[in-house]
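Residues 374 to 643 (our numbering) make up the sequence shown, in order.
Written out below as structure tokens is the structure these notes cover.
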Amino acid sequence: MIKIAVSNLAWKKSEDEKVFEIMRDLNVLNLEVSPFRDGSILPEARKRFCNETKKLLNQYGISVVAFQALMFRYPEVSIFEGATARNKILEHLKGVLEFLNQTGATIAVFGAPKNKIKGTLSYDEAMSIAKDFFRQIAEQAKIFNVIFCIEPTPTAYGADFICNTQEAVDFVKMIGHDSLKINLDIGSSILNEENIEKIINENIDCVGHLHISEPYLKTINLNPSFHKSVAKTLKANHYNKFISIEMLPNNELDVKNIAKIISFVKDIYQ
Numbered sequence: 374m375i376k377i378a379v380s381n382l383a384w385k386k387s388e389d390e391k392v393f394e395i396m397r398d399l400n401v402l403n404l405e406v407s408p409f410r411d412g413s414i415l416p417e418a419r420k421r422f423c424n425e426t427k428k429l430l431n432q433y434g435i436s437v438v439a440f441q442a443l444m445f446r447y448p449e450v451s452i453f454e455g456a457t458a459r460n461k462i463l464e465h466l467k468g469v470l471e472f473l474n475q476t477g478a479t480i481a482v483f484g485a486p487k488n489k490i491k492g493t494l495s496y497d498e499a500m501s502i503a504k505d506f507f508r509q510i511a512e513q514a515k516i517f518n519v520i521f522c523i524e525p526t527p528t529a530y531g532a533d534f535i536c537n538t539q540e541a542v543d544f545v546k547m548i549g550h551d552s553l554k555i556n557l558d559i560g561s562s563i564l565n566e567e568n569i570e571k572i573i574n575e576n577i578d579c580v581g582h583l584h585i586s587e588p589y590l591k592t593i594n595l596n597p598s599f600h601k602s603v604a605k606t607l608k609a610n611h612y613n614k615f616i617s618i619e620m621l622p623n624n625e626l627d628v629k630n631i632a633k634i635i636s637f638v639k640d641i642y643q
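Written as structure tokens, this is what we have:
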């Protein structure tokens, strides 16, 4: 069965308890976390989770299953800017993976378009660097029992490397590591005008996680026919991992609408 999660990017910290109550009432008890949503650097985020968030999650019976926005608030330096920058990002991600493991989560989603800008490097030069870097990340993920999922980020988001789902699939297949998969981001696929059903049918083994999202992380469009088609294709391919509802806060996205969207996704995908 497909497992449903909700990303805490969709609301503010002050609304955590209200949304957790909704999740409990709807029996959707899986949370995807943006660990730096509230402005914390890594040591502070870990401390806050242990001292505050963990107790609240336990109160509502909610489990953390995934991390996203791993590079949020991190300096806008790219893995392609040299060994020093690369090593600093690697050390940061090692710390994030350790923190993720501490929460009980098993999925890490890496989009980070600004941290993988290849700039003037040729495709082959960038690919050589990226292969070595992400092999190291995959090995670290394996240590912490985590699946590290590369998310394609469209050029509209400022990216110039692994910008569509096929590129992400090809990269993951080339690395060939069990701890490295793709995050199939529906919003990015819509923006890139991709055939989502075809991607799922041909590459289901490469998919480690899936985001139910819209371009630019707008509020989920409750389009039954579209989502029924995606859900049918996932089920036909025996997908039994997580799908996570991903949005950014906006004026129309109040707690009531979050509840409506969770119910919609649950009804169609389960």
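Note that the Cβ used here is the ideal one computed from N, Cα and C, for glycine as well.
Under 6 Å Cβ to Cβ from residue i, same chain only, skipping five residues before and after it: list those, please.
i, result
"Pro527", "Cys536, Ser561, Leu564, Asn565"
"Val450", "Ala458"
"Gly637", "Here residue 637 turns out to be Phe, not Gly, going by the sequence shown. Once the five neighbours on either side are set aside, the close Cβ partners of Phe637 are Leu595."
"Ser380", "Glu405, Ser617, Glu619"
Pick helix, strand or coil for residue i, following the three-state DSSP scheme.
i, result
"Leu557", "strand"
"Ala541", "helix"
"Gly468", "helix"
"Ala604", "helix"
"Ile414", "coil"
"Lys376", "strand"
"Phe393", "helix"
"Ile422", "What sits at residue 422 in the sequence shown is Phe, not Ile. Helix."
"Asn403", "strand"
"Phe599", "helix"
"Phe483", "strand"
"Ser495", "coil"
"Ala439", "strand"
Sort the options by Cα distance to residue i and report the nearest one.
i, options, result
"Pro622", "Glu567, Ile577, Ile377, Ser387", "Ser387"
"Ile618", "Gln441, Ile452, Val450", "Gln441"
"Ser586", "Cys579, Gly531, Met547, Phe599", "Phe599"
"Asn624", "Lys571, Thr592, Asp389", "Thr592"
"Ser413", "Val628, Leu404, Leu402, Leu443", "Leu443"
"Asn367", "Ile577, Ala499, Ile510, Ile523", "Outside the modelled stretch of the chain, which goes from 374 to 643, sits residue 367, for which no answer is possible."
"Asp578", "Glu390, Arg419, Cys522", "Cys522"
"Pro597", "Lys639, Tyr589, Pro588, Glu567", "Lys639"
"Thr538", "Glu512, Ala378, Lys504, His584", "His584"
What number of angstroms, rounded off, separates the C-alpha of residue i from the C-alpha of residue j?
i, j, result
"Ile462", "Leu415", "13 Å"
"Asn488", "Phe506", "12 Å"
"Ala604", "Val580", "14 Å"
"Asn610", "Pro448", "39 Å"
"Leu607", "Phe422", "33 Å"
"Val406", "Glu540", "26 Å"
"Ile490", "Ala532", "6 Å"
"Val401", "Lys629", "15 Å"
"Gln475", "Lys427", "11 Å"
"Asn576", "His550", "15 Å"
"Ala418", "Asp411", "8 Å"
"Ile634", "Ala439", "19 Å"
"Ala529", "Phe445", "18 Å"
"Lys467", "Arg397", "32 Å"
"Glu464", "Lys504", "17 Å"
"Gly434", "Asn403", "9 Å"
"Gln643", "Leu399", "13 Å"
Residue i and residue j: beta carbons closer than 9 Å?
i, j, result
"His582", "Phe615", "yes"
"Ala478", "Val437", "yes"
"Ile520", "Ile452", "no"
"Val542", "Ile559", "no"
"Tyr514", "Ala481", "Checking the sequence, you will find Ala at residue 514 rather than Tyr. Against a cut-off of 9 Å, the Cβ pair of Ala481 and Ala514 comes out as a contact."
"Glu471", "Phe409", "no"
"Ile572", "Leu553", "no"
"Glu454", "Phe483", "no"
Taking 7 Å as the limit between beta carbons, can you name the residues of its chain near residue i, skipping five residues before and five after?
i, result
"Ile631", "Ala383, Trp384, Val392, Ile395"
"Ile569", "Ile559, Ser562, Val603"
"Leu626", "Ala383, Thr592, Met620"
I'd like the list of long-range same chain contacts for residue i, defined as Cβ closer than 8 Å, with 5 residues on each side in sequence excluded.
i, result
"Asn613", "Met374, Ile375, Lys376"
"Met547", "Lys504"
Should residue i be flagged as near chain B, meaning a C-beta pair shorter than 9 Å?
i, result
"Gly581", "The displayed structure is made up of one protein chain only, and chain B is not part of it."
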